[in-house]
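What follows is a single structure, written as structure tokens, with notes after it.
There are 2 protein chains.
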Amino acid sequence: MQVSSLQRYPPNTLLISEGERPDFLHVLIEGCVELFASHNGRHTTIDIVKASTFIFAAVILDQPYLKSARTLLESRILLLPAKDVRAIFYEDPDFAFAAIAEISKCYRDLVKLLKDQKLRSTSERLANWLLRNYSKHGDDLVVALEFEKKTLSSLLGTTPENLSRALGQLAAAGVVTSGRTIRITDKEALVAFASPSRLIDGTIG
Amino acid sequence: MQVSSLQRYPPNTLLISEGERPDFLHVLIEGCVELFASHNGRHTTIDIVKASTFIFAAVILDQPYLKSARTLLESRILLLPAKDVRAIFYEDPDFAFAAIAEISKCYRDLVKLLKDQKLRSTSERLANWLLRNYSKHGDDLVVALEFEKKTLSSLLGTTPENLSRALGQLAAAGVVTSGRTIRITDKEALVAFASPSRLIDGTIG
DNA sequence: GACGTCGATTGATATTTATAAAACGATGAA
DNA sequence: TTCATCGTTTTATAAATATCAATCGACGTC
């Protein structure tokens, strides 16, 4: 693809607005992007992605975006002209198969988000999110937030105030919060509280 | 596809259980199917479909179903062996393109469901659902429920009790309920209350 | 026609979640 | 350093939603 371009964006850059027609397929090479939507003065974060395509379906169908997108961190993004993506999709079976695998994965991730939202309380969503996002620092299990708590609260489908309170609740399960660093001191207890499920929290595969 | 088969199922037949491996792609020819999920004793309806494939993504990726499925009405369903679907997908570019269009559409419908869930209150979801599902009977706009209100309440992400109360609220906007027949007597008022959006309620296209 | 069943509704109450306002705390500028 | 800003937390209160129990009403059976 000759006319594709690799762009670098600072944090908090609006990349896409819902309702627009897709001109490019965005491939996030490095960084972090929030997908969100607004309606009637309300706002919600749909997903936060770190390395993947986003809003592939709108490009394939040549339909208006249903979500907006903004960078949360400085990000490098490959822009592929939507027209070319659709053309190559027709010509190259390998690309077609890769595309459908990617969209199918996105679909399944979205089913999981909807199940998470409809089947769990706020603090359960938070507990499971922590279990999906911690990393090991020596013996410690730590979640180092790369974005504002406000954004996390919107992703979890609640408010910053309630996120604070939920973190307070989880202290009873050994979750210690200080600023953007959240420490899981008793994974067993947190798992017992969260009861994660492969069919909601599992990564594909 | 020689080994495909067209089956007829009575209402309330479990077709698929979440967690199972997909053996077949299901194509709903006629009838009505509920897609739902359970977790920790809770239950939620993800979607209700009338004529389409369902759970295509699991078949393509050969991954466990994330949703269960049951018939709500007597239904005719075409069963295509999952293996064959994947094989044909590789061989036939037209099929591949149809498949990706189908999954992309499903993806977008799911984004709309998630936005509906996160950006609206229960009575707003109900109002918009009515506006998406009524049909004209002479001068009247009528929603004739084909399934239990319990199922609708689960689809809307609430309880039967709260669905009752929400229908009560909407009486102020001219919504008249009697049994499974819901009449919209003042569409303007209902639209004003619901504020539907193309980016949440729109059918594709 | 009387009875039993089951879904739907209603009323009372509890829980969860949101909102509004104030206080806190880190950060950056003057 | 001092001040202002902004995200976060806390407190208080309100609204939305869920739960529990009881009742209603349609339907089918005996």
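Chains A and B, in that order, are what the protein sequence lines are. Counting from 1, one number per residue, gives the positions in the first sequence under my numbering. Counting from 1001, one number per residue, gives the positions in the second sequence under my numbering. In this text, a Cβ means the ideal position worked out from N, Cα and C, and glycines have one as well.
Under a Cβ-count criterion, where at least 16 other Cβ atoms within 10 Å of its own Cβ denotes burial, should residue i be classed as buried or exposed?
i	result
Tyr1107 of chain B	buried
Lys1050 of chain B	exposed
Arg8 of chain A	exposed
Leu126 of chain A	buried
Ile1029 of chain B	exposed
Ala57 of chain A	buried
Tyr1065 of chain B	buried
Val143 of chain A	buried
Thr203 of chain A	exposed
Glu91 of chain A	exposed
Thr1181 of chain B	exposed
Asp94 of chain A	exposed
Asn1012 of chain B	exposed
Ser135 of chain A	exposed
Asp1139 of chain B	exposed
Output yes if chain B places a C-beta closer than 8 Å to the C-beta of residue i; else output no.
i	result
Lys83 of chain A	no
Leu114 of chain A	yes
Cys32 of chain A	no
Ala192 of chain A	no
Phe40 of chain A	The sequence shown places Asn at residue 40 of chain A, rather than the Phe named in the question. It does; some Cβ of chain B falls within 8 Å.
Ile103 of chain A	yes
Ala98 of chain A	no
Arg21 of chain A	no
Lys67 of chain A	yes
Ala37 of chain A	yes
Thr13 of chain A	no
Ala189 of chain A	no
Thr53 of chain A	no
Is residue i helix, strand or coil by DSSP?
i	result
Gln1007 of chain B	strand
Leu1206 of chain B	The structure shown does not extend to residue 1206 of chain B, since chain B is modelled only from 1001 through 1205, so no value can be given for it.
Arg1120 of chain B	coil
Ala101 of chain A	helix
Ile1016 of chain B	strand
Ser135 of chain A	strand
Glu140 of chain A	Checking the sequence shown, residue 140 of chain A turns out to be Asp, not Glu. Looking at Asp140 of chain A - three-state DSSP - the assignment turns out to be strand.
Thr1071 of chain B	strand
Phe1054 of chain B	strand
Glu1091 of chain B	helix
Tyr1107 of chain B	helix
Glu1146 of chain B	coil
Gly1168 of chain B	helix
Arg198 of chain A	helix
Leu155 of chain A	helix
Arg1021 of chain B	coil
Pro1064 of chain B	coil
Per DSSP, what are the beta-bridge partners of residue i in this structure?
i	result
Thr1045 of chain B	B:Phe1036
Ile77 of chain A	A:Gln7 and A:Leu28
Ile1184 of chain B	B:Leu1141 and B:Val1175
Hey, out of the options, whose CA is closest to residue i's CA?
i	options	result
Gly41 of chain A	B:Thr1053, B:Ala1173 and B:Arg1120	B:Arg1120
Lys1115 of chain B	A:Lys67, A:Ala144, A:Leu80 and A:Ala82	A:Lys67
His1043 of chain B	B:Asn1128, B:Thr1158, B:Thr1181 and B:Ala1172	B:Thr1158
Ala172 of chain A	A:Thr185, A:Ala101 and A:Ala57	A:Thr185
Glu31 of chain A	A:Ile16, A:Ser52 and A:Leu25	For clarity, residue 31 of chain A is Gly in the given sequence; the question names Glu instead. Measuring from the Cα of Gly31 of chain A, the nearest candidate turns out to be A:Ser52.
Ala1087 of chain B	B:Lys1112, B:Leu1025, B:His1039 and B:Leu1078	B:Leu1025
Leu263 of chain A	A:Glu91, A:Ala96, A:Val59 and A:Ala69	The first residue shown for chain A is 1 and the last is 205, placing residue 263 of chain A beyond what the model contains.
Gln63 of chain A	A:Leu145, A:Lys83, A:Ser195 and A:Leu170	A:Lys83
Arg1076 of chain B	B:Ile1046, B:Val1033 and B:Gln1117	B:Val1033
Val27 of chain A	A:Ser178, A:Glu18, A:Ala37 and A:Val85	A:Val85
Leu110 of chain A	A:Gln169, A:Leu156, A:Asp47 and A:Ala98	A:Asp47
Val3 of chain A	A:Leu14, A:Ile16 and A:Asp23	A:Asp23
Ala192 of chain A	A:Leu170, A:Lys118, A:Phe147 and A:Ile100	A:Leu170
Leu199 of chain A	B:Leu1035, B:Ile1016 and B:His1039	B:His1039
Is the Cβ of residue i closer than 8 Å to any Cβ of chain A?
i	result
Val1111 of chain B	yes
His1137 of chain B	no
Lys1118 of chain B	yes
Ala1144 of chain B	no
Ser1195 of chain B	yes
Gln1169 of chain B	no
Leu1061 of chain B	yes
Thr1203 of chain B	no
Ile1200 of chain B	yes
Glu1161 of chain B	no
Ile1179 of chain B	Rather than Ile, the amino acid found at residue 1179 of chain B in this sequence is Gly. So no, Gly1179 of chain B is outside the interface.
Any heavy atom of the ligand FMN inside 7 Å of the beta-carbon of residue i?
i	result
Phe36 of chain A	Absent from the structure shown: the ligand FMN. Ligands present: none.
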